[in-house]
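The listed protein sequences derive, respectively, from chains V and D. Plus 69 on top of the position in the first sequence (first one is 1) and you've got my numbering. Plus 38 on top of the position in the second sequence (first one is 1) and you've got my numbering. We put the beta carbon where it would ideally sit given N, CA and C, even for glycine. Bear in mind the structure is a predicted one, so any value in this text is a computation, not a measurement. Some notes on the structure that comes next.
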Amino acid sequence: MRTEDGPDDLVIGGHVFRSRFILGSGKFSLEKMREVIENAGVEMATMALRRANVGGAENILDYVPSGITLLPNTSGARTAEEAVRIARLARELNCGDFVKIEVIHDSRYLLPDNYETIRATEILAREGFVVLPYMYPDLNAARAMRDAGAAAIMPLGAPIGSNRGLLTRDFIQILVDEIDLPIIVDAGIGRPSQACEAMEMGVAAIMANTAIATAVDVGLMARAFRLAIESGRAAYRAGLGRRLEGRAEASSPLTGFLQG
Amino acid sequence: MRAKTDHMRYGRHMEVIESDIMGRVLEAMGRYDAHRYDAADVERALGRSVLTIEDFGALLSPAAQAFLEPMAARARHETQRMFGNAVSMFTPLYISNFCENMCVYCGFNCRNAIRRARLDMEAIEAELKAIAATGLQDILLLTGESRSKSGVAYIGDAVRLAARYFNLVGVEIYPLNTDEYAHLHACGADYVCVYQETYDTDRYEEVHPRGSKRIYPYRFDAQERALKGGMRGVAFGALLGLADFRKDAFATGLHAHLVQKKYPHAEISFSPPRLRPYINNADENPRDVHEPQLLQVMLAYRLFMPFAGLTISTRERAGFRDHVIGLCATKISAGVRVDIGGHTGEEQGDGQFEISDSRSVAEVHAMILKRGLQPVYTDYVRV
C-alpha cells in the first residue's frame with residue numbers, strides 16, 4: 070500500500086510485502102483458495118504441513134498460486150523438538166524459509182505454549198528460518214522470542230476459531246508499544262471491524278481463516294477484510310489510533326500558563 | 039460347571055494403572071437420570087457457550103429430542119468453528135477375524151461358524167497397496183480379539199507395513215498394556231480406538247460371557263494406557279442400543295472428558311456405532327436407537343466437546359452419512375470392505391457386520407465436494 074506519505078511496506082525478515090493480510094488456509098474449501106487470495110489481495114498464506122498431500126489428491130500446495138509466499142506452520146507439534154522437525158520437513162518440501170511456529174499440547178483450548186515456542190524459535194532462527202512464533206500475548210515471552218531471533222510476533226486475539234475478536238486487546242497493545250518487530254494478530258479475528266480495530270492499534274498485519282472460510286460468500290468476505298485492514302492501517306498512520314487511546318493533544322496547550 | 043470369571047477383576051498380565059476415572063464415570067452414570075430433565079434444562083444448555091457435564095446430560099435426555107433442530111444449528115456452528123470445511127477420509131482394514139471372545143452381539147463371536155482368516159504380511163501388503171491406490175492416507179487396522187492368533191508382534195509388523203504406505207495409521211484391536219502400545223507406536227501407529235460397548239457393568243457382564251474382553255476395567259483404562267504408551271489420539275464409543283443408550287452416551291462423553299483433562303494433549307474422538315432396532319416392531323422400545331436418537335447423541339458429543347473428532351461409519355446409510363458431515367461428523371470412512379482380504383478381491387474370511395454404504399473413495403470424495411465441504415486425505419505429520 071502507498072499513501073501520500075510514501076511507501077508503507079511490511080518488512081518481515083528482510084522480505085517486503087505490500088499486503089498486510091495473511092491468509093490462514095486450514096478451514097477452506099481448496100477450490101475457493103484462488104478466489105479468496107485474489108479478493109483479499111494477500112501475498113502470504115499459511116499452510117499446515119500436516120495437510121500437504123504431496124503427489125496426492127486435494128494437496129493444498131497445488132491450490133496456492135505461484136507468487137504467494139508460503140508460511141508453513143508446525144501445527145501438530147506438542148514440543149519444541151517436534152516443531153523443529155516439522156519446520157525442517159517443510160524446507161525439504163521446498164516450502165521456503167518462512168515458518169510459523171505453533172506448539173500446542175492442549176486439544177481443548179488449542180492455546181500455544183510460549184515456553185516451547187521460545188525454544189523452537191531459537192533453534193530455527195539459528196538454522197536460517199524466518200521465524201514467526203504464534204504465541205499467547207505475554208511481554209516477557211515476546212521479548213524472549215525477539216531475542217531468540219523471531220522475525221515477527223504473532224499473538225492471539227482470542228482462542229483459535231472463536232471469532233471473538235480482540236479479547237487480549239490491552240496485552241497486544243503492550244506488544245505493539247514495546248516490541249520493535251511486526252506484531253501480527255493471528256487468531257480470534259471474526260469480523261472485518263475487529264481486523265480494522267487491531268490495525269488502528271498499530272498492529273502490523275492480520276491473519277484470518279475461520280472468519281472467511283465460514284462466510285456465506287467467501288470471496289466477498291475476503292474483500293471486506295482487505296478493505297478493513299487497509300482502512301485500519303490508514304487510520305493508524307493518520308494518528309487516529311493515538312487519539313482513540315485518550316492520548317490526544319489539546320488544541321491549546323494545557324501547560325501554557327507556566328512562567329519562567 | 040466352572041464358575042464365571044469376575045468381570046470387574048483384572049486378570050493375570052493385565053496392567054493396573056493409577057486412575058480414578060472409572061470410579062468417577064460409574065458414579066456419575068449411576069446418578070444420571072435422563073428423565074428428570076425438562077425443556078428448560080435443554081434450553082439452558084443450548085444457551086451456554088461452554089457446556090457443563092450437567093448440560094451434556096440434558097442434551098441426551100428425552101426432553102432434548104424436541105430440540106434436534108436448534109441442537110443441529112449450534113452443532114454446525116461449532117463444527118465449522120473448529121474444523122472449517124474439512125472432512126477427513128479413512129478406511130478400516132480387517133487383517134484377522136479370529137476371536138476368543140463370545141460377545142453375544144458380534145459377528146466375530148468365537149462360537150459363530152464364520153470363515154476365519156488371518157492375512158499374512160504378503161496379503162496385508164497387497165491390501166495396503168490396493169487401498170493406497172485410491173489415494174487414502176489414513177488407515178485403521180482391525181483384528182478380532184485373539185492374542186494367540188493375532189498377537190502384538192503380528193499387529194506390530196502389520197503397522198510397520200502400513201506406515202510405509204500411509205501417512206496415519208490407527209489400530210482397533212484388543213486392549214493392550216502400556217509397553218505393548220508403546221511398541222505399536224514405535225512401529226508407526228498413532229491412534230487407538232477402543233470401544234467399551236456398554237458402560238453398564240451388569241449388562242457388560244451379561245453380553246461378554248467369556249474371553250478376556252469380559253474384564254471391564256482393563257478395557258475401560260485402555261485409552262489411558264495408549265496415551266501413556268505415546269499414542270497421540272484415542273477414540274471412545276459405546277455400542278448404542280446394547281443397554282440404555284442415553285446412559286451409555288453420557289458415560290462415553292464423561293470418560294473422554296476426564297481423559298482429556300488428565301492428558302490435555304490427547305486428541306479425542308468419538309465413534310457412535312449402534313445396534314439397529316428391529317424394523318416393523320410394533321412395541322417400540324424406548325431404548326431403541328433410531329436415526330433421530332443416533333443424531334441426538336452425535337450432536338450432544340459435538341456440543342459438549344466441540345474440539346473432538348467424530349467418525350461416522352459405513353454401518354449407516356449414505357443419506358444419513360452425507361448429512362452429518364459438516365454438521366457434527368468430521369471423519370468418514372470410504373471404500374470399505376469388512377471381509378478379510380476384500381480389497382484385493384481375494385476374500386479369505388467373513389466380515390463382522392454388514393455395511394450400508396459401499397461407495398468408493400472417489401464417490402465419497404465427490405459427495406463431500408458436492409456438499410460444499412473439503413475432502414482431507416492427510417491431516418497428520420509424524421514427528
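Under the three-state reduction of DSSP, R157/V is assigned to helix. Residues are counted here when their Cβ sits less than 7 Å from a Cβ of chain D; for the segment 116-128 of chain V these are L118, R119, R120, N122, G125, A126, E127, given in chain order. Counting C-beta atoms within 10 angstroms of its own C-beta, S176/V has 16 or more neighbours from the protein chains shown and is therefore classed as buried. Note on G182/D: 16 or more other CB atoms within 10 angstroms of its CB, so buried under the neighbour-count rule. Against S321/V, chain D offers no close residue; the least beta-carbon distance is about 48 Å (beta-carbon pairs closer than 7 Å).
Put simply, the backbone Cα of V200/V is about 44 Å away from that of A287/D. Around the C-beta of L180/D, 16 or more other C-beta atoms lie within 10 Å, and the residue is accordingly described as buried.
Taking the C-beta atoms as reference points, A267/V is found nearer than 8 Å to G226/V. Measuring C-alpha to C-alpha distances from A400/D to each of F391/D, D388/D, D240/D, V414/D identifies V414/D as the nearest. Taking a Cβ-Cβ cut-off of 7 Å, the neighbours of T279/V in chain D comprise R119, G122, given in sequence order. The beta carbon of H223/D sits closer than 8 Å to the beta carbons of G267, G268, M269 from its chain, once the five residues preceding and following it are set aside; these are given in chain order. Beta-bridge partners of F308/D (DSSP): F274/D, L348/D. Per DSSP, reduced to three states, the secondary structure at S262/V is helical. Taken through DSSP and simplified to helix, strand or coil, N123/D comes out as coil. Between Y70/D and A96/D, the C-beta spacing is not below 8 Å. The secondary-structure analysis by DSSP pairs E235/D across a beta bridge with A276/D. The closest CA to that of K300/D, considering only P255/D, Q261/D, Q331/D, F94/D, is found on Q261/D. Chain-ordered, the chain D residues with CB closer than 7 Å to the CB of L99/V read Q412. Taking the beta carbon of Y418/D as reference, the chain V residues within 8 Å of it are R119, G145, listed in sequence order. As a beta-bridge residue in DSSP terms, N142/V pairs with A117/V, K169/V.
Note: A277/V is bridge-paired with L92/V in the DSSP secondary-structure output. By the C-beta density criterion, Q328/V is exposed, having fewer than 16 other C-beta atoms within 10 angstroms. In this structure, A200/D sits away from L174/D, with a CB-CB distance that is not shorter than 8 Å. Here the alpha carbons of R306/V and Y132/V stand approximately 34 Å from one another. Just so you know, the alpha carbons of R409/D and M102/V end up roughly 17 Å apart. For V327/D, the nearest beta carbon of chain V is not closer than 8 Å to its own beta carbon. P100/D does not reach chain V, its nearest Cβ partner there being about 29 Å away, counting only Cβ pairs nearer than 8 Å. Judged by their CB atoms, A221/V and P181/V are not nearer to each other than the 8 Å cut-off.
The beta-carbon of A304/D is placed less than 8 Å from the nearest beta-carbon of chain V.
For the pair E210/D and V230/D, the Cα-to-Cα distance works out to about 6 Å. DSSP lists L178/D, Y229/D as the beta-bridge partner residues of G208/D. Inclusion of S250/D and G49/D in the CB contact set at 8 Å is warranted, their separation being smaller than that value. Proximity of A282/V to chain D, defined by a Cβ-Cβ separation below 8 Å, is satisfied. Beta-bridge partners of L131/D (DSSP): L179/D.
For M343/D, no beta strand (DSSP E) run applies, since DSSP gives it neither H nor E. Assignment of G357/D by DSSP, reduced to helix, strand and coil, places it in the helix class.
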